[in-house]
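For reference, the structure is listed below as structure tokens.
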Amino acid sequence: MKIEGEFEVEAPRSEVWDRIRDPQVMGACIPGCEAVEQVDDMAYRANISVKVGPIKARFNLLVEVLEERPEHTILSRTSGEEGTRASVVTSDNVVRLCDTDSGGTRVDYAADVSVTGRLGKFGLGIFRKKADQLAAQFVENFRARLGVTA
Amino acid sequence: MMVKKVLHSLTLNGEEVQVATAAGATLLQTLREDLRILSSKRGCNQGVCGACTVLVDGTPVRACLTLTARCEGHAVQTMEGMDGDRVMATLQRHMVQSGGVQCGFCTGGVLISARDLLEADPTPSREAVKTALSGNICRCTGYRTIVDAVCGAAEELSQ
Amino acid sequence: MSLDQPEPIFVGGTVGQSVAKTDSLEKVQGRAEYIADLYRPGMLHGAILASPHAHARIRGYDLSEAMQAPGVVAIITGDDVGEGRMGAFIKDEHAIAKGKVLYVGEPVAAVAARTEEEARHACRLIKVDYEELPAVLSPEEGLARDAPILHEHLAEYIKVFDAGSDGNLCSRTELSEGDVDAAWADCDVIVEGEYTTQPQAHVSMEPCGALAEVDAAGRVTLWSANQSVFRVQANVCESLGLPMSRLRSLTPRVGAGFGNKMEPHIQPITVALAMKAMRPVKLILSREEDFEMVRARHPYRVRMKTGAKSDGTLVARECEVLVECGAFADDSPGVMGYSLLMCGGPYRIPHMKASGKLVYTNKLRFGAFRGFGNPQVLFAGEQQIDQIGEKLGLDPFTIRRRNLLRRGDQWFVGPRIGSNGLGRCLDAVEQAAKGARADGSPRNFGLAVTAHISGLLGTGAIVRMLEDGTISLNTGATDIGQGSDTVLAQICAEELKLPFDQVAVASPDTDGSPYNWGTTASRVTYTTGRAVKAAAKKVVDQAMDHAAEILDCDVADLELREGGRIGRHGSNTDVTFAQISGRAHWAAGGPLVGSETLVFDEPTHDPKRAIALGLPFPRIGVFSFAALGVDVDVDDTSGQVSVHEAWSAADVGRAINPRLVEVQLHGGFVQGLGYSLYEEMVWDGARLANPSLMDYKVPTARDVPDAIHTFIIEDPDPTGPFGAKGAGEIGLNAAPGAIANAVARATGARHAHLPLTGERVLAGMLDPGALQD
Amino acid sequence: MTEVLSPLTVDDAIALLVEHDEAMPLAGGATLIAMRNASLVEPSHLVSLDRIAELRGIDRTADGTIRIGAMTRHCDTAACAELTGSLHVLRRAAGMIANRVVRNMGTMGGAVANADPAADYLPALACCDATLEIAGPEGRRSLSIHDYVDDWYETALGEGEIITAIMLPAPVEAPSAYRKIARVSGDYATASCAMALDPDGQGLRVAIGACGPGPLRDRAGEDALRGKLHDPAALAEFAGRLVALADPVDDVRGSAEYRLRLIPRLVASVLSELAPQKETA
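Listed below in structure tokens is the structure:
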């Protein structure tokens, strides 16, 4: 399942970069994120709860930066599972930053998400909608964090 | 995971039984694993295929979607308890003759649904038979010989 | 015996009678025992942990927590199964993932516990350390230059034919006859197109399962849902490194197969669990697991081009297929090779070229499924025949009749055609379908024709006359519900002139049954029937010798009479089978046993005629034929297609049991209808997105036409038992082609992609000009 | 492992739901038990509502309003003679859910609470302007069906709340119908349409199912269409407004694009069934 999008913020690229590379900021912006623990400079762990109607799941995730071009591009990988390994999630993510004409930053993001196990047997369509919503919620939170409004 | 067993009393094929079954068990689990009543089959465990269909208080339901706890004090009837049922015996005979039995995995559920139809509508049209059986998937026959059997049984019974 | 003079048919006995299947009564009473219904003392229940990754290296396992879970007795992983590999054509598959996982859903570990719930719970506690690898999710990706390789040691695997394997290329096949490239210049009309077909799930109503038990001496007894106890035995033993004499394979009733239960599913895992637990273990898949772990019909990409003269005479056809194999070869090389062999259809086409590539991908294995590659190529080929007819103003019957292969012709690459009732099949369909509907409205008619082989490989039969003159028949052929036990008993009874109910059919048992390759390839009636007839004949001959001695006369003076008696010509005196058998058992000669084994041994390839590279079936079989007509409705609102009426005519040589042939035609058509209109396994990346009956839909009673007319055409085959040929697959093959032709008639749009969903057909209705994407 | 609790009153049921964190209310079970069998939900307790008398039965009140108890099974709704005219659409929808045997199990309250966007009741109830009666820890309340669905599988039901009844305005003499497009008989809808004509035949109410988180209803658009049911341009504009409201998924039943394409076609199809254009037109 591919999730893609872009958004602009009225903040300079270096500031956006710093926030995106800060696990605590990311943790605060990711919907349902409960605890963030920095592993090292290139990795952090987080617990994330998601709910689709009556279906609830809590994932322990590891986010690893695979490659970065500072202030431009991050390739990262998210992987994790539910407590008893009933479902496994992996995601390959790309985030690209570039300057806008107005001195702000445009953020392009793309993730290829795979969920297997008990939740992987659930209809595809609703998950995609839910993922799009979570992404939109993240963007909103992130903007708020940067002190800009839409 | 501790397995907690719960005791339930129900009427099974006309006899009072007490059965200790896992808490929250479905009727399908209880019938098969605790009571060795095996005519009700697990084809999908989602209520779609119809192979587990049984009667509770005379109404056909999916054993896989019915909690045993809900059957406390109720009457459960399976194919094992259909001996002497005239409608069922007639349906069974026609199924054998028509070729409506192939692999047989769906057959019990098909017959229980068909019997329920004939109780409600003794002279159904072929369309009515197909509608009544639309919750019982058969992958072998293409349904034609099953519909023939139910219509043949209806005709014989209504004479 | 020449091809032109069929064996005279004996009429009047049980052959040709629609006797009820011998297992019908126990099935309507709910008493038939399938694999899930078997219990053994001390039996444990198994469950499987499936791979969450499409492609990953297994670095290790941590079983400690799972072993502590309530009820757990044993756990197996790839570390427990040795280096053995199994496979029908290429031995590329371990009993359970070892070293690597190759698809989402692949078994990685299995638990035996007191209850199924406990076993499933414990599976979740197993920790597997994976190193993820890039995955191959389409054949095109698999053939790319720097594609990740699924089977690094493919070159070293045992292969039973010239596969040409390389990288992710599992096998390739190239067949040609005449000179296609030059022939296009002679064509007045040419059509070509690229077609795709989707994966279809078998959805046998009974999910796969197995029960294994190890005796005190370490010998294994294995019951399982199967289409061949012998393939089960071979596969389990190959993958677990067991001598075949150490494993006995048996079968309970089987809740249908359609190809899904021919090669192994979870039997090797169940045996490994039972050997480790040293207790009986039963493992039954959930419906979801049955979708994700076993096998499915291959998705195809077909490029096809057909040319004809202006009078409709076909001149040339070229067919190129790209076939997705999934993670393991399984029956795939056979499926692809067979589809190429069949891609010309039952037509005389002097110039033919067919080639294909089969490519490993990180998905569930694709494998045998009723039709075996034929429906995919027919979907393309039968549309092109109609298109040529349309261009030339020839109706679908005329263009086909003009080109039919005849008795004595050679099929593409070489097999000689014996009996051929296809012309009569076309007559039957045309006659019955002509004119308008009952209400006067015009039909949206579509036609397709097909041929299918029945034959292949080894089979045997043992006929024993019991002391009282009744008969025990043992063939080793698993009856998967289609009624082969009944048909074989009919053949046996006919040969012995006994009432049908005096023949008992033994359940297949590798300890006691003669070898039978399997209930597959529409072969049991034809090949096993031949063995049964010959074995029964031997018993008759032995009985004749006894009778001659009892009656003190020459065998030539004796005749076999109805009801198990032998007497002298022109005399009323006779002796009964009971007398004869009693004498044989107690006094002279020993018990009467007739046995016969055979292997289908006519070569497929005629090197004088054709070039064949990578042909997986050097010997194949005889041909059955069928014509299928359908009349469809297309819903104006949704574009959804429904079949209003269908006419299925099949030449099955001789119908041993006409009712069972009809049900094969009904059931095959409806399975083909689902395939044509909506059945599709959908992958979201590496994950199967609809592995349940909630999301994967098969036809219900309301989705099929009530009017499925069947016509049994009998053109007896000289080699078949009483002239019989196979009937198991022929009813399905033509469905997508016929339905696509009818949809084109109804909407004006041609479709190149299956299934013909409402969505696709509506798009075609709104823009009928182009071939639909 | 799930414990099953069988309270006799609504209050007891709510108390049990509040008491146990991972408890879920169990109505007919046709969906919830299927989800549990697939491990999609793993409740610690199932609070079975089958012994609560208040939740049963279909009654007509003095003012003609019809009250359908939440535990009313689909088979009873499909056979209910009170659901005539403008409410006939609900009978039709009930009769198209799954199949005969599952209709013996599933209940209206359970189906509404589950709020599957592709299920049949919500569009029919939206077309009928139904009201939900809800009970919860904070007491009882009524909620318009139009305010019920918040998001995909998310509803206005709070923690510990259950639906006790579905209230329908008194039926009026006007034709209504339900049509669903589904791959096979008994499948969830790819798209569906519930429609009722106004008694004077000049206007309609229409709700589209399976094309967004909840049923699509455009009451302003309906008003604008009054008197112009057979004006192709007006009808096209109305259908276009429904399409604009839609937010369909891509799934195994069909693409989002197909669903958008189906909306105007369904509206036209059901309208032609309810109000065939006169020969002279």
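Chains B, G, X and D, in that order, give the protein sequences.
Count along the first sequence from 1, add 1, and you get the number used in this note's numbering.
Count along the second sequence from 1, add 85, and you get the number used in this note's numbering.
Count along the third sequence from 1, add 1, and you get the number used in this note's numbering.
Counted from 1, the fourth sequence has number -1 at position 9 by this note's numbering; the numbering is strictly sequential.
Virtual Cβ for every residue (Gly too), placed ideally from N, Cα, C.
Alpha-carbon to alpha-carbon, residue j and residue i
{"i": "TYR62(X)", "j": "LEU103(X)", "result": "17 Å"}
{"i": "TYR110(B)", "j": "ALA101(D)", "result": "37 Å"}
{"i": "SER19(X)", "j": "CYS191(G)", "result": "22 Å"}
{"i": "ILE49(X)", "j": "PRO108(X)", "result": "6 Å"}
{"i": "ALA490(X)", "j": "ALA548(X)", "result": "24 Å"}
{"i": "MET95(D)", "j": "THR62(D)", "result": "9 Å"}
{"i": "TYR516(X)", "j": "SER523(X)", "result": "17 Å"}
{"i": "ASP180(X)", "j": "MET353(X)", "result": "7 Å"}
{"i": "ASN221(G)", "j": "ASP704(X)", "result": "12 Å"}
{"i": "LEU4(X)", "j": "TYR178(D)", "result": "Reliability of the predicted coordinates at LEU4(X) is poor, the pLDDT of 38 falling under 50, and the value obtained from them is presented with this limitation in mind. Answer to the nearest angstrom: the Cα atoms are 55 Å apart."}
{"i": "GLY193(D)", "j": "ALA265(D)", "result": "10 Å"}
{"i": "GLU500(X)", "j": "THR529(X)", "result": "What sits at residue 500(X) in the sequence shown is Pro, not Glu. Rounded to the nearest angstrom, the two C-alpha atoms are 20 Å apart."}
heavy atom of the ligand PLP below 6 Å from residue i C-beta
{"i": "VAL161(X)", "result": "Annotation note on the ligand PLP: not contained in the displayed structure, which lists no ligands."}
Beta-carbon proximity of residue i to residue j, cut-off 7 Å
{"i": "GLN384(X)", "j": "GLU681(X)", "result": "no"}
{"i": "ALA172(D)", "j": "GLY202(D)", "result": "no"}
{"i": "PHE626(X)", "j": "PRO347(X)", "result": "yes"}
{"i": "TRP185(X)", "j": "GLY308(X)", "result": "yes"}
{"i": "ALA133(B)", "j": "ASP113(B)", "result": "Checking the sequence, you will find Asp at residue 133(B) rather than Ala. The answer is no: Cβ separation not under 7 Å."}
{"i": "ASN89(D)", "j": "GLY176(D)", "result": "yes"}
{"i": "VAL186(G)", "j": "LEU97(G)", "result": "no"}
{"i": "GLY118(B)", "j": "SER80(B)", "result": "no"}
{"i": "ALA60(D)", "j": "THR154(D)", "result": "yes"}
{"i": "ARG444(X)", "j": "GLU730(X)", "result": "no"}
{"i": "PRO300(X)", "j": "MET44(X)", "result": "no"}
{"i": "LYS130(B)", "j": "TRP142(D)", "result": "yes"}
{"i": "CYS134(G)", "j": "LEU694(X)", "result": "yes"}
{"i": "ARG93(D)", "j": "HIS64(D)", "result": "yes"}
Cut-off 7 Å between Cβ atoms - residues of its own chain near residue i, not counting five sequence neighbours on either side
{"i": "ASP575(X)", "result": "ARG562, ARG566, ILE567 and GLY568"}
Residue closest to residue i, alpha-carbon to alpha-carbon, out of the options
{"i": "PRO55(B)", "options": "HIS64(D), GLY244(D) and GLY148(D)", "result": "GLY148(D)"}
{"i": "HIS752(X)", "options": "GLU325(X), LEU365(X) and ALA381(X)", "result": "ALA381(X)"}
{"i": "PHE162(X)", "options": "CYS209(X), PHE90(X), LYS99(X) and ALA743(X)", "result": "PHE90(X)"}
{"i": "ASP42(B)", "options": "ARG22(B), ARG144(B) and VAL116(B)", "result": "ARG22(B)"}
{"i": "GLU837(X)", "options": "LEU342(X), SER333(X), ASP332(X) and GLY313(X)", "result": "Residue 837(X) lies beyond the stretch modelled for chain X, which goes from 2 to 774, so this question has no answer here."}
{"i": "PHE601(X)", "options": "GLU133(X), THR314(X) and LEU457(X)", "result": "LEU457(X)"}
{"i": "ARG155(G)", "options": "GLY194(G), GLN131(G) and LEU113(G)", "result": "LEU113(G)"}
Simplified DSSP assignment, three categories, for residue i
{"i": "VAL282(X)", "result": "strand"}
{"i": "PHE190(G)", "result": "coil"}
{"i": "GLU35(B)", "result": "strand"}
{"i": "VAL336(X)", "result": "helix"}
{"i": "THR720(X)", "result": "coil"}
{"i": "CYS326(X)", "result": "strand"}
{"i": "ASP42(B)", "result": "coil"}
{"i": "TRP185(X)", "result": "helix"}
{"i": "LEU614(X)", "result": "strand"}
{"i": "GLN665(X)", "result": "helix"}
Contacts around residue i, its chain only, beta-carbon distance under 8 Å, and the 5 residues preceding and following it disregarded
{"i": "ARG1(X)", "result": "Past the edges of chain X, shown from 2 to 774, lies residue 1(X), and the structure says nothing about it."}
{"i": "GLU663(X)", "result": "THR711 and ILE713"}
Chain-order list of residues whose beta-carbon lies under 6 Å from that of residue i (same chain, five-residue window excluded)
{"i": "GLU8(X)", "result": "Because the pLDDT of GLU8(X) is 44, which lies under 50, any placement of that residue in the model is unreliable, and the number read from its coordinates should be weighed accordingly. Once the five neighbours on either side are set aside, the close Cβ partners of GLU8(X) are PRO719."}
{"i": "GLY85(D)", "result": "ALA68"}
{"i": "ASN837(X)", "result": "For chain X, the structure presents residues 2 to 774; residue 837(X) sits outside this window and is missing."}
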